[in-house]
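Numbering (my numbering), first residue to last: 75 to 168.
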Amino acid sequence: MTRAIYLTFYLGEMGYMRVALDLYRMAEAGLEAGIRRGNENGSWQLDPSAVATLEVVLQVHDSQLASARAGDLIKAEQRLTRFIMSGKTASPFD
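Right, dumping it as structure tokens:
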């Protein structure tokens, strides 16, 4: 899911359905809260608000995949790979 959030962000920066940064931040925070809760008490569920936010991000991502050129998809994937390999702990949109 984190990968989809970040790819959606990168594709948005390239002009494919750019959305407000707060949407990405809320989606990431919702995932992090779910992971934290799961590690603490074994409840591996997302809050309904996190689910709703992730649904919007995934709808945007689906539209991006339907409209983006293959070369741009590759570029977004390469940016994600560079970000992961950099070892940065902050989000790419912070």
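Every residue, glycine too, gets a C-beta built ideally from N, C-alpha and C.
Next on the checklist: Going by DSSP in three states, S160 sits in which element: helix, strand or coil?
Outcome noted: It is helical.
Next on the checklist: I believe T76 touches L120 by the beta-carbon criterion, under 8 Å. Please report the beta-carbon distance rounded to the nearest angstrom.
Outcome noted: Going by Cβ atoms, the distance from T76 to L120 rounds to 13 Å, so no, they are not a contact pair.
Checklist entry - Which value, in whole angstroms, describes the spacing of the CA atoms of A142 and L85? => result A straight-line Cα-Cα distance of about 8 Å links A142 and L85.
Next on the checklist: By alpha-carbon positions, which one of D168, D146 and K162 ends up nearest to Y90?
Outcome noted: Per the Cα distances, D146.
Checklist entry - Does the distance from the C-beta atom of R110 to that of S117 stay below 8 Å? => result The answer is no: Cβ separation not under 8 Å.
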